[in-house]
Amino acid sequence: MLKKNDKIAINIDSCTSLGSGVGRYNGMTVFAANTAPGDHVLLHIIKVKPNYAIGKVEKVIHPSPMRIKPECPVFEKCGGCAFGHIDYEEELKIKAQQVKENFQRLAGIEFEPQPIISGPSDKRYRNKAQYPVQSDNNSLALIGFYAPHSHRVIDCADCLLQPEEFKKVTDVFRNWVRLFKISTYDETTQKGLLRHIYVRKAVNTDELMVCIVINGNDIPFKDELIFELRDALPNIKSIIMNKNKRDTNVVLGDECVTLYGNGYITDELCGLKFDVSPLSFYQVNHDTAELLYNKACEYADLHGEETVLDLYCGTGTIGLTMAKTAKQIIGVEIIPQAVENAIENAKKNNIDNARFICADAARAAEMLKEEGIKPDVAIIDPPRKGCSKELLETLNKMNPDRIVYVSCDSATLSRDIKILTEFGYKFKTATPVDMFPRAPHCETVALLSQRIPDTHIDIKLDLSEIDITAAETKATYQEIKDYVLDKHGLKVSTLYISQVKAKCGIIERECYNKGEGKSRVPQCPKEKEDAIMDALRHFRMI
Ligand code: SAH
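Right, dumping it as structure tokens:
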């Protein structure tokens, strides 16, 4: 029986959706972070539960061929890059496999996902960072990320997933905190001012937003801070103070005060311009988001006449990128600032066939149904927890022809797809999209359709079989070839078989691949003709 502090050597066979390696020891499942499928490792068991145990790697005895040397100096301490020690191509395979398994396990759907889509880079792809801030014993600001399963801040000067210039932002804060003795927030006492530094970049326009999250009403020496930030980063478009005085893990409070600029940044995505406020959701990986939206657009299959319902629309991005090919777009989003952005974004892009509703998605869907709205296509892109049963029920009653479901968690996606298929929707296909390289979780876009199943089926035919007629259905060309090879030790071509068949009157046409014009058609030698005749007799075709 496994006990805490045991040292065991095991093989790692697979990995969880959070990137933790999984092995078996005497029938017990053992999880170990920073291991890779194919590793043989020595683990120190740190936790034993009735059904599983957790180990910490002491030594990699035989490394998996998937292993690479992590590039980040704080890889192990930070834990954000769950796949940082695995070759990126292998990470993509693991993520695609996990999507497939979730569909199988949670939706009962056996299918081969479309090839996983990945963006141009697995580094520096993020356009957003939320750095927690703490003080060390010398009153210096630690600015970085929480260590795994804790709220201890690991100082990180430069995260390889973030744009390089984010480092300049955190450097300004480090100096400012030290110089002006700014207090940092302590979760245990709920005292101290500076909680988080939240940075966002519009990668296509280069605009930068810095949001200072505080436990208080104002920031001392803020003019000095604003000056330093603008001096270090001339592309700063907005500096915002966000007040969060609650005892909560949620990073942002509800109140934003603009200290500099207009309070938002504008990015370009899929050829459109989008204003993004600090409280509004915006996809963190710009380039891969474009690929995701293209796929969603392909699945929506719009021809200009459709009403499209864009539930959980954020700043309206998905719906607005489809507006030109639809009759009307109705977006629904719960965060008021995001809806304000969405309305403004429609105007900015001269889109006049989109309307936006600020409400809970389930409630709005119910009201739209009562209004008599029948969407042709529904796009749903909920947060990780997925959709409520009520929303799926209402959606089913609204009866859209197609549902395009975008999800950052294939487990809740599969759960919801199971419900929709029980309502009668047909699952068509799904494509995993690696929106978060090196980090756990994989985006997936799935297509469901209300149509009855296709009345035709596709059958793959070997070209050599195309010539068969009713009279010769008894044996295929391949069976004849196999028989001749087996019985007479001769290899015969489809052409020779068809020549013999034609001679025997089984087929009227000559072989399909008879050369036209100049090329001479080889004639079946006597020995092979006899062998083929024997096969035709054997199969009672003559
Ligand atoms: N489709 C958008 C946003 C997706 S993120 C995009 O691609 O950018 C999910 C969005 O759902 C967030 O904007 C969040 O604020 C919103 N949301 C969360 N709960 C909601 C609810 N109950 N009703 C409506 N919107 C909700």
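For the sequence shown, the numbering used here begins at 25 and goes up steadily by one. Ideal Cβ placement from N, Cα and C applies to all residues, glycine included.
Residue span of the beta strand (DSSP E) that contains P156, given as start and end: If you number the sequence shown from 1, residue 156 lands on position 132. P156 -> beta strand (DSSP E) spans 152-159.
Per-residue burial, H173 [other beta carbons within 10 Å of its own, 16 or more giving buried]: For the purposes of this step, residue 173 is identified with residue 149 of the sequence shown, where counting begins at 1. The C-beta of H173 has fewer than 16 other C-beta atoms within 10 Å across all chains shown, which makes the residue exposed.
Cβ-heavy atom distance, Q307 to the ligand SAH, below 7 angstroms: For the purposes of this step, residue 307 is identified with residue 283 of the sequence shown, where counting begins at 1. Yes, the Cβ of Q307 comes within 7 angstroms of a heavy atom of the ligand SAH.
Where G513 falls, given that 16 or more other Cβ within 10 Å makes a residue buried: For the purposes of this step, residue 513 is taken as residue 489 along the sequence shown, with counting starting at 1. The residue in question, G513, is exposed, as its Cβ has fewer than 16 Cβ neighbours within 10 Å.
Three-pair Cβ contact test at 8 angstroms for the stretch 321-335 versus the stretch 389-404: Yes, they touch.
Reduced DSSP secondary structure (H/G/I, E/B, other) of N501: Within the sequence shown, the letter at position 477 stands for residue 501. Strictly speaking, residue 501 in this sequence is Tyr, with Asn absent from that position. Reduced to three states, the DSSP call for Y501 is helix.
Contact check, G340 vs A386, beta carbons under 8 angstroms: For the purposes of this step, residue 340 is identified with residue 316 of the sequence shown, where counting begins at 1. For the purposes of this step, residue 386 is identified with residue 362 of the sequence shown, where counting begins at 1. No, the Cβ-Cβ distance between G340 and A386 is not below 8 angstroms.
Assumed close pair T208, V157 - CB separation to whole angstroms, cut-off 8 angstroms: By one-based count along the sequence shown, residue 208 stands at place 184. By one-based count along the sequence shown, residue 157 stands at place 133. At roughly 5 angstroms, the Cβ-Cβ gap stays under 8 angstroms, so T208 and V157 are in contact.
Neighbourhood of N259 by C-beta distance below 7 angstroms, restricted to the same chain and skipping five residues each side: Numbered from its first residue, the sequence shown carries residue 259 at position 235. Result list for N259: D230, E231, L232, in chain order.
M25, buried or exposed, once every other Cβ within 10 Å from all chains shown has been counted against 16: For the purposes of this step, residue 25 is taken as the residue at position 1 of the sequence shown. Per the 10 Å Cβ criterion, exposed.
Start-to-end residues for the beta strand (DSSP E) that takes in A165: Mapped onto the sequence shown, residue 165 falls at position 141. From DSSP, the beta strand (DSSP E) with A165 extends over 165-170.
Host beta strand (DSSP E) of V356 (start-end): Position 332 of the sequence shown holds residue 356. Counting along the chain, the beta strand (DSSP E) containing V356 begins and ends at 352-357.
Range of the contiguous beta strand (DSSP E) that encloses Y284: Position 260 of the sequence shown, counted from the start, is the residue given in the question as residue 284. From DSSP, the beta strand (DSSP E) with Y284 extends over 279-285.
Coarse secondary structure for G98, derived from DSSP in three states: The sequence position of residue 98 within the sequence shown is 74, counting from 1. Residue 98 is actually Val in this sequence, not Gly. DSSP places V98 in coil when its eight states are reduced to three.
Three-state secondary structure assigned by DSSP to N228: As a working mapping, residue 228 is identified with position 204 in the sequence shown. It is coil, neither helix nor strand.
Classification of Q186 by the beta-carbon crowding that lies within 10 angstroms, buried from 16 upward: Locating residue 186 in the sequence shown gives position 162, counting from the first residue. So Q186 ends up on the buried side.
Sequence-distant residues of its chain with Cβ nearer than 7 angstroms to K246 (five each side left out): By 1-based counting over the sequence shown, the position of residue 246 is 222. Cβ-Cβ distances below 7 angstroms link K246 to L283 in the same chain, with the five nearest sequence neighbours on each side left out; the list follows chain order.
The stretch 110-124 / the stretch 135-150 touching (three or more Cβ pairs under 8 angstroms): yes
According to DSSP, residues forming a beta bridge with H86: Counted from its first residue, the sequence shown places residue 86 at position 62. H86 pairs with H64.
Contact test: Y149 Cβ vs the ligand SAH heavy atom, cutoff 7 angstroms: Position 125 of the sequence shown, counted from the first residue, corresponds to residue 149. No, the Cβ of Y149 stays beyond 7 angstroms of every heavy atom of the ligand SAH.
CB contact flag (K101, A171, <8 angstroms): One-based indexing of the sequence shown puts residue 101 at position 77. One-based indexing of the sequence shown puts residue 171 at position 147. K101 is a Cβ neighbour of A171, given a cutoff of 8 angstroms.
Inter-residue CB distance, R219 and V234 (contact presumed, cutoff 8 angstroms): Position 195 of the sequence shown, counting from 1, holds the residue named residue 219. Position 210 of the sequence shown, counting from 1, holds the residue named residue 234. Actually they are not in contact, since the Cβ atoms of R219 and V234 sit about 14 angstroms apart, beyond 8 angstroms.
Reduced DSSP category for N35 - H, G, I as helix; E, B as strand; rest coil: Here the question's residue 35 lines up with position 11 in the sequence shown. Strand, per DSSP.
Selection from K413, R408, T468, I206 that minimises the alpha carbon distance to G216: Translated into the one-based positions of the sequence shown, residue 216 becomes position 192. For G216, the nearest C-alpha among the options comes from I206.
Simplified DSSP state of C548, which is helix, strand or coil: Counting from one through the sequence shown, the residue named residue 548 turns up at place 524. In the structure shown, the three-state DSSP call for C548 is coil.
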